[in-house]
Amino acid sequence: MRLPILNFVVFALLLFSVNSFCQDENGNSGDSEIKNQKNSHGVQFYLINGLSISYKKMISNNNALRFNLDLSGSVFDRNEEQDRTYMSSDTTEYSGEGNYSGNRQSIALSFQYIHKLYQNSYFNAYIGCGPYAGYSRSKDDSDYEDSYDNETYKSYNNYFNEQFKLGILGVVGAEGFISEHVGIFAEYKLFLSRSWYKRKSNYEYIYSESEFNSKSEYDTSINSWDFTLSNVKLGVSIYF
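Quick look at the structure:
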């Protein structure tokens, strides 16, 4: 646990120590007034390696506040059938049929203070940091019937996972402008968070010939510190 915390502390110190040395191309500090009021607001859409939306408010030429919302979800349902014949001293037939269904949902909120390390009319590079909170859940159900060598058994499985994260998010990114109001950006995000994870599982097996049934339930709870680096995220910015 100490190593992730140390890594993030080093990153944070480097991130904010640069602020005292960084100026824009005209030599203005980050506390100067906004020159272009019409582009002081922005909406950013993350389109690759994650779907999310951000609202960005410039508070000076070099500094901004950004609120980010991540939402994702999925639902799946599939049916599977198998028929096989094994050729050996005796021919053995195998068949199986199963149904699998489940769903996933997640939401994350973050707030960042963004500082531009460099900027000109076409490009800027920036860093940022701020608090982060996330919640995710998933549910999976499956039932399977299997016939093997004239014996049949059924199985039922249910899983429910739930996770909550609270921590700090760091950002390193670059943005290029294709017009006065539209830009394309790329970002790396670093997370230091405390995670609370719960998992509930139910298993049931029914053997028709042997009349042997088996049923079990499990509850698992895990608390941990996580230090992760996201894949590069790409998106589009619209300023007004």
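Start counting the sequence shown at 8; every next residue gets the next number (our numbering). Yeah, the Cβ is synthetic: ideal placement off N, Cα and C, and Gly gets one too. Computed from a predicted model, the values in this text were never measured in an experiment.
Comparing C-alpha positions only, which one of the options sits nearest to residue i?
i: residue 81; options: 71, 181, 65 and 108; result: 108
i: residue 114; options: 83, 169, 63 and 68; result: 169
i: residue 230; options: 52, 206, 132 and 247; result: 206
i: residue 64; options: 163, 116, 56 and 122; result: 122
i: residue 55; options: 245, 192, 225 and 197; result: 192
i: residue 242; options: 194, 165, 208 and 226; result: 194
i: residue 160; options: 105, 201 and 238; result: 105
i: residue 144; options: 78, 167 and 246; result: 167
i: residue 51; options: 86, 68, 112 and 73; result: 73
i: residue 124; options: 150, 103 and 181; result: 181
i: residue 210; options: 57, 171, 165 and 110; result: 165
i: residue 118; options: 134, 75, 84 and 142; result: 75
i: residue 221; options: 162, 85, 149 and 208; result: 162
i: residue 335; options: 189, 59 and 149; result: Nothing about residue 335 can be reported from this structure: the residues present for the chain run from 8 to 247 only.
i: residue 49; options: 154, 66 and 135; result: 66
i: residue 228; options: 57, 158 and 171; result: 171
i: residue 232; options: 202, 142, 240 and 185; result: 202
i: residue 58; options: 240, 135 and 208; result: 240
I need the straight-line Cα distance from residue i to residue j, nearest angstrom please.
i: residue 152; j: residue 223; result: 18 angstroms
i: residue 70; j: residue 120; result: 7 angstroms
i: residue 234; j: residue 204; result: 15 angstroms
i: residue 132; j: residue 183; result: 9 angstroms
i: residue 31; j: residue 61; result: For residue 31, the predicted model reports a pLDDT of 42, less than 50, meaning its position is unreliable and no value from the coordinates is stated.
i: residue 174; j: residue 214; result: 48 angstroms
i: residue 197; j: residue 137; result: 11 angstroms
i: residue 146; j: residue 130; result: 44 angstroms
i: residue 40; j: residue 110; result: At residue 40, the pLDDT of 49 sits below 50, so the modelled position is not reliable and the matter cannot be decided from this model.
i: residue 238; j: residue 177; result: 13 angstroms
i: residue 236; j: residue 53; result: 16 angstroms
i: residue 103; j: residue 84; result: 17 angstroms
i: residue 200; j: residue 179; result: 18 angstroms
i: residue 29; j: residue 78; result: Summary for residue 29: the model assigns pLDDT 42, below 50, so the residue's position carries little reliability; its value from the coordinates is reported in the next sentence. Each residue's Cα considered, the two are about 34 angstroms apart.
i: residue 38; j: residue 188; result: Low per-residue confidence applies at residue 38: pLDDT is 43, beneath 50, and the placement is therefore not dependable, though the value from the model is reported in the following sentence. Each residue's Cα considered, the two are about 23 angstroms apart.
i: residue 265; j: residue 140; result: Outside the displayed span of the chain (8 to 247) sits residue 265, for which this structure offers no information.
i: residue 36; j: residue 135; result: With a pLDDT of only 42 at residue 36, under the threshold of 50, the placement of this residue in the model should not be trusted, and no figure is reported.
i: residue 142; j: residue 112; result: 8 angstroms
i: residue 47; j: residue 208; result: 50 angstroms
i: residue 190; j: residue 68; result: 17 angstroms
Using the DSSP secondary-structure output, state which residues sit across from residue i in a beta bridge.
i: residue 202; result: 172 and 231
i: residue 107; result: 85 and 149
i: residue 187; result: Paired residues: none, contrary to the question.
i: residue 3; result: What is shown of the chain runs 8 to 247, which leaves residue 3 out entirely.
i: residue 121; result: 71 and 135
i: residue 164; result: 149 and 210
i: residue 46; result: Per DSSP, none; premise fails for residue 46.
i: residue 78; result: 114
i: residue 220; result: 213
i: residue 180; result: 133 and 194
i: residue 236; result: 197
i: residue 241; result: 55 and 193
When you compare the CB of residue i with every CB in chain B, is at least one pair closer than 8 angstroms?
i: residue 52; result: Reference to chain B is not applicable here, since this structure consists of a single protein chain.
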